[in-house]
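Numbering (the numbering used here), first residue to last: 1 to 1162.
Beta carbons are placed, not taken as given, at the ideal position from N, Cα and C, and that holds for glycine.
Being a predicted model, the structure only gives us computed values, none of them experimental.
Since the structure comes first, as structure tokens, the remarks are kept for the end.
Structure (structure tokens):
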């Protein structure tokens, strides 16, 4: 290879001991010099070939590391390594690089490989150091066959006088598609002319150079008829050159003519350039689609530089957004102006933050954004060129930058001797000038002056949607109250105006009226009354729930006359009184004159009863009773912040209130008749009847001084476990119509549900601590008690999503009357029938299962953090359904196991787990737009369905515990079933109507409600979705689309709608349930199987269904029936049980007959 472009072949060396690399530069077989290249230590890296890999006319070097499988190219310029480009890694030592050459005649150097183990052969087809494709050649299995060489004619050296002297016998070069170099001589033996013939296969531009002369030689370009097209005739032995315009495809000649008789050698170089094309492109910052910023434009380049449909990465590595951005070549059209070669024009920038498109600065000025092909473009958005608004170079992203201007509005136009207010406005840079006075309204304002805005400060802040917004943070009432106010809209986090200075309109306090408004360079905030409590007292300090009491109070007004207003009295669990506290009474007062203190006023207040949900569960009996003056904000006041919480004696008092809670009684109900419910009910259907106390079930934590009547030795559980229990009971409350009240655990009283550590020796022959946990069904004495092995305390202290946490739910549900759903009990006992089938007996349906990862079940999915859908249905049969989320509710998902409702979050954003949603009614929505676009999801809207990923759905298998005769021997027995790894289930009886799709590939199963599927917005990638089981009652909203944006394909009973960058397949669209309606623009359509859009009527408004349970006669469940005293509770038979995975031994249990209504097993 020629490393220094002297027309001489040079030699490259590598020392595999020292790692040194060098080139011998040779001239006529003489080593003129040696050039040492970068040292590459070790023997792993091998030089595998030399060629021009980036078409710069320089010889480059390809390397392979046969240990790591890495491959790289040294890009060399005049014996200097300019850069190293790493190619795709090919691990192992079987594949060998055997040579480099142009295999597909695109002028690019390609690489040939051979695998001497498998006999495979392949070629990497390259384009500017990028592997465009790999082509496999015929397999030669015999490893004795070896590739010994490949060839490419980079240049030709001719023997003197073989070149013809006329065009008739010209030397035929053949097709010229890149470069050709010839070395010859003129002048000997009357050799005065040399002629060359070549062919252009496509319209091309041509460059000819003639150098190395020692005599005067002229250079001419001729057409196929021999007519001269262009001549270069410089006197003397100077080099000659010709650069043509665009030549048509065909045959041409080059003539060299010697002037005189001197002999001279020469070097002739011919270079043909392919046609120039205008390539349209889109640059995606995320490398694939328009979910992130992108920009569009075109670049001028030779043919085959790029190709339509190609994803091109100009710069290796991530851009400013953290992604490896790529250029998508959209199309190519012919161009002719070689002066445009390499120029890049960016015509539009699309910003994903505000869904806005921009015209870049240079394009708007008719200039290029770059001059060295894709990756060289660098441009700006806006009116100034700075790092705040630049983009390009396959690196920088446009950061939206606007100006925030701080201002003061002076009502007198000059200073703060009259009212004024302050704030800020967002605007385009340059809209206002710091230090200037601005008058937006030439007329006088309310005080008779021409007010002005003083611009005090500016900074670069805000986003596009902020532009024009005015925020007023303070109003200074100088001429009346001499006080400062926080305006109404600012208190709500809202703007006072949206159209720059002069558009602001706000209120001085929370009362919206013409007495409190100001703004628009016109309106002034008026003077206000000032009301507050000055005296508050209650004669007693100790009370019992349900008591009545008398509050004595006085109200003072230090401002203007106050019209009639209301005083509200509240009961609070802390020292701060708000309208969110428990309202006890109201007192409406008449007008109070300015600067007046009322006489003492008395009001009777009534405390809530013991069953009321207000009372705290931690045993606290310290509360505050207080008043809020003008609780309805009927009076516009100078200061609204002092209507409450001025202090004890002024408007509140601390009191002690004891809550006396009556325990529920044990009742025994009838079977439901639904086997899926009855499989979870204990044999006697024992439950806590709360009709006697207003729906309360008490619970407590054993205290070490309390005493215990059972045989076990017990002790107090840790604070962490207590907090887990409280969280679990709060969760269960959201599903059923009871309230759990925590009571003190003493020697004389405790909760009907009681948690404790225990040695587990319910019987004298039981082994101490030979169990994990157990709980008793509802009953007297030990009924409702939960025993935990203290040696397993760390397990029960685990957070939601751990086995110990799920076990606490499991045992708690035993104390509420639920049993195991399978035919199993640890130690050989059996659970009373009926049973769930093995395919239903799993943690997706119930936490009462033993198929939860214990012993030989080999379940490896996530744990549940709530009762699951079967549990909820059984509990609601016993205790009624909670009126939870009965209005229109939106469930916003961050993961399929974590969602938010309003300002509450349920589940987790990081830990895979299972949980269940109960919704009592309303038209509800599942919003999955916040899910990652990198996953495929499955959303089953049916009651009992699960919201999860497609890979999680039925992604875990388990063996049925009930079919294993030795469930702890490590050898699974019986049938194997599948269930989901994680996700959120929809409880039985819950109907959710609407769904907003994710950015991933969604498989959606409709339910029987009138479903509305949303989230498909023009320009937003939403994946390739499938909607199954839809009907004519359902509708699909395609926001921003029109019919021309959509493509359709009918296959059998399915309809697929193409959205440009995604699709929706409507399974069984033409089935018996009818065709879902499609909202496009403002019109609803259906699509016929014959291929036409048909406008249809607007669907009827969705009527919110009531939550229904087919097995619950009333929402209150069995617990609302009158408590029975005629039934006799079966004898309580204490028996230990254990978690088989946590204990290596089994205990013998009593027979089935002694277990009825006795215990729930671990």
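Is residue i buried or exposed, if buried means 16 or more other CB atoms sit within 10 Å of its CB?
i	result
residue 78	exposed
residue 145	exposed
residue 915	buried
residue 7	exposed
residue 492	exposed
residue 540	exposed
residue 82	exposed
residue 606	exposed
residue 487	buried
residue 898	buried
residue 434	exposed
residue 343	buried
residue 32	exposed
residue 969	exposed
residue 921	buried
Can you name the residues that DSSP bridges to residue i?
i	result
residue 5	The partner list for residue 5 (beta bridge, DSSP) is empty, contrary to what the question assumes.
residue 587	567
residue 211	267
residue 65	45
residue 220	231, 255
residue 915	984
residue 543	657
Where residue i and residue j are concerned, what is the direct C-alpha to C-alpha distance, given to the nearest angstrom?
i	j	result
residue 444	residue 509	24 Å
residue 1056	residue 752	58 Å
residue 731	residue 602	41 Å
residue 559	residue 596	9 Å
residue 1166	residue 780	This structure does not reach residue 1166, given that the chain is present from 1 up to 1162, and the question cannot be answered.
residue 801	residue 861	11 Å
residue 538	residue 552	6 Å
residue 714	residue 704	8 Å
residue 765	residue 758	15 Å
residue 930	residue 66	45 Å
residue 667	residue 834	20 Å
residue 500	residue 448	23 Å
residue 119	residue 93	13 Å
residue 1079	residue 464	30 Å
residue 532	residue 689	47 Å
residue 452	residue 503	14 Å
residue 1016	residue 173	60 Å
residue 456	residue 385	25 Å
I'd like the list of long-range same chain contacts for residue i, defined as Cβ closer than 6 Å, with 5 residues on each side in sequence excluded.
i	result
residue 1031	1073, 1074
residue 498	468, 469
residue 549	538, 605
residue 1115	Here the model assigns residue 1115 a pLDDT of 46, short of 50, so the residue's position is not dependable, and the following value carries that caveat. Answer for residue 1115: 880, 881, listed in chain order.
residue 948	896, 938, 980, 983
Within its chain, find whatever has a CB closer than 8 Å to the CB of residue i; leave out the 5 residues flanking it on each side and keep chain order.
i	result
residue 250	199, 200, 223, 224
residue 291	352, 933, 999, 1020, 1021
residue 733	739, 740, 882
What does a CB cutoff of less than 7 Å around residue i pick up in its chain, not counting 5 residues either side in sequence?
i	result
residue 102	108, 109, 110, 152
residue 654	622, 624, 648
residue 360	346, 349, 369, 379, 380, 381
residue 990	917, 918, 919, 943, 1107
Validate contact between the region 329–341 and the region 313–321 using beta carbons, cut 8 Å, 3 pairs: no
Taking three-plus beta-carbon pairs below 8 Å as touching, is the region 708–725 in contact with the region 867–879? no
Validate contact between the region 2–22 and the region 33–43 using beta carbons, cut 8 Å, 3 pairs: yes
With a threshold of 8 Å, are at least 3 pairs of Cβ atoms found where one atom belongs to the region 792–809 and the other to the region 933–944? no
Say whether the region 261–272 touches the region 299–309, bearing in mind that this needs 3 or more beta-carbon pairs closer than 8 Å, one atom from each stretch. no
Are there three or more Cβ pairs, one per stretch, closer than 8 Å when the region 285–302 is compared with the region 233–243? no
Take every Cβ of the region 974–985, pair it with every Cβ of the region 942–949, and state whether three or more of those distances are shorter than 8 Å. yes
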